[in-house]
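Beneath this line is the structure, given in structure tokens, with notes to follow.
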Amino acid sequence: VGAAARLYTEEDPLVILSSGSLKPAVTNSSSAWLVQFFSSWCGHCIQYSSTWKALARDVKDWQQALSVAVLDCAQEENFDVCKEFSIKFYPTFKYFRAHSPETDRGTIYRGETPSVSLFLSHMFSLSADSGADREIQSVRQLMVNILQNHTKLDWPDHCPPLDPYSSVELLPLLGQRSDHYTAIIVEEPESYVGREVILDLLQYSGVEVKRALSSDRPLLDALKITTFPSVYLLHPNTTHTHLHVQKQLRFFFSSLLRTLPGVQRRLKSGSSSSGGQAGALPDKQSTEPWRDFDRLKVYTADLESALHYLLRVELATHSTLEGEELKVFKDFVTLVAKLYPGGGSVVKLMETLCDWLLSLPLQRIPYQAVLDLVDNKMRISGVFLGAELRWVGCQGSRAGLRGYPCSLWTLFHVLTVQHDATPTALENTGLEGEAAPVLQVMRRYIRTFFGCEECGRHFEEAAAGSLERVQSREQQILWLWEQHNNVNYRLAGSLSDDPLFPKAPWPSPSLCSSCHEEKNGVHVWNQDNVLLFLRQHYGASNLSPKYSL
Ligand code: FAD
């Protein structure tokens with residue numbers, strides 16, 4: 020059971036079904052279902068699980084139309100249901116149409132279509148990554164086919180039309196006023212991009228995506244389209260233009276459409292985000308004036324606000340620090356004193372704090388003494404930390420969103436980049452011996468002090484699983500970037516997702532187009548370019564002092 024439970028966990032972007040939940044889930048469901056019946060002792064299934072998870076992540080936003088699930092036939096409680104559904108081999112893939120009756124035992128797919136045979140031929144020969152990528156692409160296309168095989172009568176409730184529109188239907192929309200954007204994807208008949216983008220935008224309001232075919236001459240002539248796939252965008256205010264993307268790829272189209280002004284992810288009602296983060300946030304932003312900012316910059320005001328909140332609020336809930344807590348606090352102060360970019364009053368304060376902590380022979384310190392120092396009661400010149408929250412790049416669209424956790428991520432990204440830029444900065448601090456000192460200190464801080472306990476638990480799991488593999492300063496930068504993206508994936512659409520700053524893989528194509536590529540139809544990062552981008556973005560020369568005290 021242990022191994023089975025670990026093959027797929029609640030953290031994965033798919034549904035884990037069991038004897039009690041399979042039938043209620045797939046019977047008369049508003050969405051179709053694609054279920055992998057596996058067995059946790061089958062080697063292929065174990066090998067295949069990472070591909071299935073990657074697929075589930077790739078199509079996470081399609082779930083209202085087609086949900087991806089797993090059911091472990093090796094669990095005793097599932098023996099009967101697997102027998103009832105005639106599962107003889109593992110893995111067996113079955114799909115259930117939307118609105119299917121209780122008697123439906125699902126359809127096994129075999130090699131009836133080219134994509135399915137490709138799928139099956141790859142199923143047992145997945146050693147190379149490219150095999151897994153191709154596999155994801157073909158299952159994704161199979162999912163589109165499953166959806167399109169529905170009739171008008173059993174069409175999944177939330178699935179938009181997937182068939183192409185004709186110029187007769189589309190051209191009259193030109194110049195019409197509307198309350199939303201309409202994106203027309205014009206593509207070759209065999210292309211899946213249009214349907215994939217339609218499904219990628221399923222959970223977003225403010226934009227409707229339709230597809231049309233490259234064989235529709237009147238449409239091509241009217242819109243002056245010559246390359247495929249192309250996106251033509253009708254704005255709510257009646258203007259219409261080609262949508263410019265750096266690369267004609269699904270990921271670029273979907274990312275761009277999601278970030279059009281006014282386009283928002285529909286929040287799941289009643290969704291409880293994995294983390295009681297909102298409640299832990301400072302609650303001041305609502306009355307503050309909006310501060311215009313540039314998403315390509317990092318603001319010292321956010322970093323200073325992070326330290327203000329951390330030192331005066333988060334840590335101040337501890338009346339004394341001793342033992343491990345004191346050690347973690349000292350390491351954190353040392354790290355910031357040595358790596359905070361730009362010098363200035365913050366560094367002076369952290370240096371003063373650092374010297375003071377190191378000079379104390381005490382095993383236990385009252386936190387009030389730290390507060391006195393932070394508030395510079397001794398009037399040491401140049402030592403200063405603003406005593407208010409001024410979120411800039413971390414502003415939320417309403418109180419309780421963004422703010423402190425955003426600034427903490429930002430601070431640690433800056434510190435990983437600064438450690439790379441000044442490799443000797445940590446010499447003689449006791450931290451220089453660790454392979455990834457910034458991440459280790461962050462890990463200990465989060466575990467010991469970060470107010471969002473669930474965040475700490477997730478982060479600790481991630482660190483325990485992979486931090487030891489980080490052996491260089493470059494890897495340190497990339498590990499944090501990757502972890503942060505994992506959290507973004509997990510939280511997209513949850514209650515802590517700010518509609519104005521929707522969580523998404525970062526940096527978006529509009530921030531860094533060379534960071535994104537496609538391999539065998541699957542989005543991949545160009546990590547060399549991501550590293551270059553992170554070094555530039557979080558580097559000292561990209562820090563803006565605007566709004567800083
Ligand atoms: P944030 O995710 O806070 O990002 C801040 C800024 O960093 C973004 O605006 C962007 O400019 C940049 N950025 C985004 N992604 C990346 C990246 N991959 N690499 C580099 N820079 C990036 N909340 C929960 O509900 N559950 C959790 O389990 C959870 N775990 C957390 C763990 C840690 C260690 C931290 C610091 C926070 C955690 N949070 C968690 C809070 C959550 O991640 C967000 O910080 C919070 O919801 C605010 O989100 P945001 O929109 O401001 O963007």
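If you use the UniProt record's numbering, the sequence shown corresponds to residues 20 to 568, in order. Virtual Cβ for every residue (Gly too), placed ideally from N, Cα, C.
Segment contact, 8 Å Cβ cut-off, at least three pairs: the stretch 410-428 with the stretch 308-315: yes
Cβ-Cβ separation, S324 to S426 (assumed contact under 8 Å), whole Å: 6 Å
Touching by the beta-carbon criterion (3+ pairs, under 8 Å), the stretch 275-287 and the stretch 377-387: no
Coarse secondary structure for S119, derived from DSSP in three states: strand
Assigned exposure category for D321 - 16 Cβ within 10 Å defines buried: buried
Assumed close pair F270, P528 - CB separation to whole angstroms, cut-off 8 Å: 7 Å
Beta-carbon gap between V393 and L381 smaller than 8 Å: no
Span of the beta strand (DSSP E), counted from its first residue to its last, around H254: H254 -> no beta strand (DSSP E), and no H or E assigned at all.
6 Å Cβ shell around R214 - same chain, five flanking residues per side excluded: V163 and L181
beta-carbon C534 near the ligand FAD non-hydrogen atom, thresh 7 Å: no
Residue from N256, T257 and H261 with nearest C-alpha to T245: H261
Three-state secondary structure (DSSP) of K303: Per-residue confidence for K303 stands at a pLDDT of 45, beneath the threshold of 50, marking its modelled position as unreliable; no derived number is given.
Contact set for E341: own chain, Cβ-Cβ below 7 Å, skip 5 residues either direction: Q382 and R383
Length of the line joining the Cα atoms of C373 and S567: 23 Å
C-alpha gap between E95 and L166, whole angstroms: 33 Å
Classification of V543 by the beta-carbon crowding that lies within 10 angstroms, buried from 16 upward: exposed
Local Cβ density within 10 Å of I203, reported as buried at 16 or more and exposed below that: buried
Range covered by the alpha helix (DSSP H) that runs through C503: The sequence shown places His at residue 503, not Cys. Here the alpha helix (DSSP H) through H503 covers R492 to L510.
Pairwise C-alpha distance: L161 and S37: 24 Å
Inter-residue spacing [alpha-carbon to alpha-carbon] between F112 and Y128: 7 Å
Near the ligand FAD: F270 beta-carbon under 7 Å from a heavy atom: no
Presumed contact (8 Å Cβ cut-off) between A51 and A117, rounded CB distance: 5 Å
Given R421 as reference, the closest of P521, A559, V216 and V45 once Cα atoms are compared: P521
Rounded straight-line distance, which links the Cα of I35 to that of T46: 16 Å
Rounded separation between residue 3 and Q156 - CA only: Residue coverage of the chain in this structure runs from 20 to 568, which leaves residue 3 outside it and unanswerable.
Cα-Cα separation, L192 to C64: 49 Å
Residues near R124 by beta carbon distance below 7 Å, same chain, minus five either side: F104 and S105
Residue from V365, H432, H263 and D391 whose Cα sits closest to the Cα of Y557: H432
Cβ separation of A335 and L390, assumed to be a contact under 8 Å, to the nearest whole Å: 6 Å
Residue closest to P32, alpha-carbon to alpha-carbon, out of A88, V365, E206 and R236: A88
Whether L550 touches L497 by CB criterion (8 Å): yes
Contacting residues, own chain, Cβ-Cβ under 6 Å from I337 (five flanking each side not counted): In the sequence as displayed, the identity of residue 337 is His instead of Ile. Hits under 6 Å: Y386.
Top-ranked residue by Cα proximity to V402, from L221, K367, E453 and V457: K367
Limits of the beta strand (DSSP E) - the one that S86 falls within: L85 to D91
Residues that DSSP places opposite P385 in a beta bridge: T339
Beta bridge counterpart(s) of D517 as assigned by DSSP: F520
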